[in-house]
Structure formats: C-alpha cells, structure tokens
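Each residue of the sequence shown is one higher than the last, beginning at 5 in the working numbering. Using N, Cα and C, we set each Cβ at its ideal position, and we do this for glycine too. Notes follow once the structure below has been shown.
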Amino acid sequence: MEGILIGLETGPVAEYLRNARWGYAFLNALHIFGVALLVGATIPINLRLLGFWPTTLRSDITRVLVPVAAIGMGIAIAAGVLLFSVRAQEYADLNIFRIKILLVLIGSIAAVSLHWTFGMILEGLTRGRRICHALVSLLCWPGTLVLGRLIAFADS
5 MEGILIGLET
15 GPVAEYLRNA
25 RWGYAFLNAL
35 HIFGVALLVG
45 ATIPINLRLL
55 GFWPTTLRSD
65 ITRVLVPVAA
75 IGMGIAIAAG
85 VLLFSVRAQE
95 YADLNIFRIK
105 ILLVLIGSIA
115 AVSLHWTFGM
125 ILEGLTRGRR
135 ICHALVSLLC
145 WPGTLVLGRL
155 IAFADS
C-alpha cells in the first residue's frame, strides 16, 4: 500500500498540484462544488423518502435530483482523488480521513444498489427499505462533508 501512496504523491499530477497554487485552489473548489451538489440533492431526496412533502410526487423529486447527486458524486470523487494524491501518505494515516472514505463507500454502495434495484425514480420501494436507505444516506453524505472539512484541522 505504501508503494501506491508514494507513487501517487510522486506522480506528475500531484507534483503539478503541489506547485500550482491556482491549480490546487481550483481543484479544491471543484471538489467542494461536487460535494455541495451531492449533499444538496440527497438531503431533499431522503427527506421525501422519510415522508416529508407528501403531496409532492417522489418521482418528481428523484427525476430532477438523482442526476444532480450523481454528477456531484462524480465531480467530488474525481477531484478528491486528485487532491488526495498531493499528500496521499499523510491523508491515509488520518483516522478522520479513513472514516470519511468509509462513509463515501457505504453511501455510494447504498445509492447504487438502491437505484440498480428500483430504478431512478425508486418505484416499488418498500417503506422499510425507504426509511433504512434514507437514514443511511443522511448519515453518510452530510457526515462525509463534515469530516472532509475537519481534515484540515486533524493531526497525523
């Protein structure tokens, strides 16, 4: 594992980002933008799954916000991997970072499996599965956001 981390840190992209002040700043802003899209879209979806806004069709909310969340996830992950490459060994040693990655994995697997099984608009989703998924998602994505911001304040 250490070899992979060193390889990431010594690669040309990581080297560029360490030395390109505005390149790194832009990438960091892009990562935050992706997280904002992801969290901003998933919270209303999950609140609707929990029963909020009962007069609004679930299909109307998911049809609009699921693609927004997916795009946000893609942006956040792509930019996050590049940001990670700058200090891969240091980040990999942080427990707060490890927990963040665990939440990303749980949230991603939960979302992909749910939409794979029930489609984008989640037709046929049982009440129990709906509540369980919403609670997992509401833990994972805001938790990821908070932990990601706390990384800057964590000691190795």
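- Item | Rounded C-alpha distance that separates I135 from I105 | Near 23 Å, if we compare the C-alpha coordinates of I105 and I135.
- Under the three-state DSSP convention, the category A138 falls into: The three-state reading of DSSP puts A138 in helix, counting H, G and I together.
- Task: Please name the residue in H119, C144 and A24 whose C-alpha comes closest to that of T66.
- Result: If you compare the alpha carbons of H119, C144 and A24 with that of T66, the shortest gap goes to H119.
- Under three-state DSSP, which class holds I125? Coil, per DSSP.
- Item | Sub-7 Å separation of I103 and L154 beta-carbons | No. Outside cutoff.
- Task: Using the Cα positions of L86 and V108, report the straight-line distance between them to the nearest angstrom.
- Result: For L86 and V108, the distance between alpha carbons rounds to 16 Å.
- Query: Which residue's Cα is closest to the Cα of L143: V116, G111 and L129?
  - Reply: Residue nearest to L143 within the set V116, G111 and L129 is G111 (criterion: CA-CA distance).
- Query: Terminal residues of the continuous alpha helix (DSSP H) containing R67?
  - Reply: Taken as a continuous stretch (DSSP letters only), the alpha helix (DSSP H) holding R67 covers R62 to V90.
- Query: Does the region 26-43 come close enough to the region 74-89 to have 3 or more Cβ pairs within less than 8 Å?
  - Reply: A contact exists between the region 26-43 and the region 74-89.
- Item | Contact check, N50 vs S141, beta carbons under 7 Å | With contacts defined by Cβ atoms closer than 7 Å, N50 and S141 form a contacting pair.
- Counting only the same chain and skipping the five closest in sequence on each side, list residues whose C-beta sits under 6 Å from that of E13. For E13, the CB contacts under 6 Å within the same chain, skipping 5 residues up- and downstream, are A92 in chain order.
- Message: Short of 7 Å in beta carbon distance, which residues of its chain neighbour H137, apart from the five on each side in sequence? Order them along the chain.
- Response: Beyond the five residues adjoining it in sequence on each side, H137 comes within less than 7 Å, by CB distance, of L53, A114 and L118 in the same chain, given in chain order.
- What is the DSSP secondary structure of G55, reduced to helix, strand or coil? Collapsing the DSSP output to three states places G55 in coil.
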